[in-house]
Amino acid sequence: MPELPEVESLRRYLVREGLVGSTITSVKLETKPESPGGTGTIIGANNANGQTITNITRRGKQLALELNDFALGVHMGMTGQLHFLLPEEPEPRFTRALFTLNSGTRLALIDPRRWAKLQRFDSSAEAFDGLGPDALDDRLTADDFAGRFDKRTGQIKQLLLNQQLIAGIGNIYADESFHRVKISPARRANTISESKLKSLHKAVRESLEHALEFILNNPDEFGRPYIVDAYDDRMQLHRKLGSFCPRCEIPLVTKKFGGRTAYFCTSCQK
């Protein structure tokens with residue numbers, strides 16, 4: 012699933028390619044999905060015809076295309092991608108929504124597994140309603156971060172993935188952050204010291220910022236549905252079966268937390 016660095020790089024790509032200021036001249040939505048199932052939804056996007064895109068904002072893993080009269084919230088799900096198409100390019104397979112712009116260029120939402128969500132909201136603020144602060148928002152201080160967890164009894168891995176507490180942290184970057192500060196993903200949040208939680212805040216920022224820097228410096232990798240696979244080999248923690256802890260040189264273990272698999276070291280992560 013695209014996480015904060017991937018979605019932020021996508022936002023910058025859309026801005027760089029001139030989407031802001033473009034007017035949508037036609038909208039085409041899928042009618043007979045090739046890949047049934049999934050939990051994705053498209054609601055209200057057909058009303059975008061004639062609207063000009065005035066801004067593109069992000070919180071966590073979600074985007075909002077701000078239009079003249081409303082906003083379109085975009086969540087990529089597991090396999091969603093946004094691609095620009097030249098007028099002569101054929102419509103890709105698994106295209107769920109196709110926006111033609113006044114330049115003749117088209118913007119396609121491609122999603123083989125149909126888990127992406129595209130929905131009309133009154134504003135970007137409404138699109139992000141229910142999300143916690145963005146993990147890279149400078150207004151989220153170390154004190155604020157620690158205060159969101161220090162009294163909670165849940166396991167820190169599940170809490171860190173809760174987008175209502177902090178938006179943008181996914182499975183891979185959570186594991187990397189825990190390893191950096193030697194915290195077990197199984198720890199109860201209220202048993203972790205304030206100083207350790209503040210260190211976790213720093214580790215989260217570093218993990219996300221380094222991933223974003225890698226993506227921006229490797230434009231040939233852009234557009235892969237799982238860009239984190241490319242970055243994974245540059246992380247300290249290699250999330251693969253049979254991998255070893257880079258500190259302790261013992262095999263990493265795996266455990267499920269709320270349906271998500273964590274990789275961690277039982278020796279140095281306590």
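Just so you know, the sequence shown maps onto residues 12 to 281 in the numbering used here. By construction, the Cβ of each residue, glycine as well, lies at the ideal position given by its N, Cα and C atoms. All figures in this text were calculated on a predicted structure; none of them were measured in a lab.
Beta-carbon proximity of residue i to residue j, cut-off 8 Å
| i | j | result |
| --- | --- | --- |
| ILE64 | LEU76 | yes |
| GLN166 | PRO123 | no |
| SER135 | THR34 | no |
| LYS209 | ILE194 | no |
| PRO103 | ILE121 | yes |
| GLN2 | LEU40 | Residue numbering for the chain in the displayed model covers 12 to 281; residue 2 lies beyond these limits and cannot be assessed. |
| ASP186 | LEU248 | yes |
| LEU142 | GLN174 | yes |
| THR36 | THR111 | yes |
| GLU14 | TYR274 | no |
| ALA59 | PHE132 | no |
| PHE156 | HIS190 | no |
| ASN113 | THR164 | no |
| ASP161 | GLU205 | yes |
| ILE53 | ALA119 | no |
| GLY88 | GLY51 | yes |
Residue i (DSSP reduced to helix, strand or coil)
| i | result |
| --- | --- |
| ARG22 | helix |
| ILE238 | Note on ILE238: pLDDT 39, under 50, position unreliable in the model; no value is reported. |
| GLN174 | coil |
| LEU83 | strand |
| VAL264 | strand |
| ARG27 | helix |
Span separating the alpha-carbon of residue i from that of residue j
| i | j | result |
| --- | --- | --- |
| ALA178 | PRO144 | 6 Å |
| ILE180 | THR90 | 17 Å |
| MET12 | THR152 | 26 Å |
| PHE105 | LEU93 | 12 Å |
| ALA138 | SER278 | 42 Å |
| ASP140 | GLN169 | 20 Å |
| SER218 | GLY115 | 38 Å |
| LEU129 | GLU17 | 18 Å |
| TRP126 | LEU227 | 26 Å |
| LEU259 | THR272 | Per the sequence shown, residue 259 should be read as Cys rather than Leu. Rounded to the nearest angstrom, the two C-alpha atoms are 21 Å apart. |
| VAL264 | SER20 | 31 Å |
| ASN57 | ARG23 | 25 Å |
| GLY234 | CYS256 | For GLY234, the pLDDT reaches just 49, beneath the cut-off of 50, and the residue's location in the model is therefore unreliable, although a value from the coordinates is still provided. Going by the C-alpha atoms only, they are around 30 Å apart. |
| HIS221 | ARG117 | 31 Å |
| LEU97 | LYS266 | 45 Å |
| ASN229 | ARG27 | 16 Å |
| ARG159 | VAL215 | 14 Å |
| LYS72 | VAL85 | 9 Å |
| ARG70 | ASP149 | 13 Å |
| ASN182 | LEU172 | 7 Å |
Beta bridge counterpart(s) of residue i as assigned by DSSP
| i | result |
| --- | --- |
| SER37 | THR111 |
| HIS94 | ALA119 |
| GLN166 | ARG199 |
| ASP145 | ALA178 |
| LEU106 | Per the sequence shown, residue 106 should be read as Thr rather than Leu. Its beta-bridge partners are ILE121. |
Start and end residues, alpha helix (DSSP H) containing residue i
| i | result |
| --- | --- |
| ILE121 | Looking at the DSSP string, ILE121 is not in any alpha helix (DSSP H); the run it does join, the beta strand (DSSP E), is 117-121. |
| GLY158 | 153-158 |
| ILE183 | 182-191 |
| GLU14 | Where GLU14 is concerned, there is no enclosing alpha helix (DSSP H), given that its DSSP letter is neither H nor E. |
| PHE225 | 205-228 |
| ALA59 | That residue, ALA59, is in no alpha helix (DSSP H); it is neither H nor E in DSSP. |
| GLU137 | 135-138 |
Boundaries of the beta strand (DSSP E) in which residue i is found, first to last residue
| i | result |
| --- | --- |
| ILE64 | 64-70 |
| LYS128 | 128-132 |
| LYS251 | Counting along the chain, LYS251 falls outside any beta strand (DSSP E), and DSSP gives it neither H nor E. |
| PHE275 | 271-275 |
| LYS281 | Run containing LYS281: none; DSSP gives neither H nor E here. |
| ALA75 | 73-78 |
| ILE53 | 52-54 |
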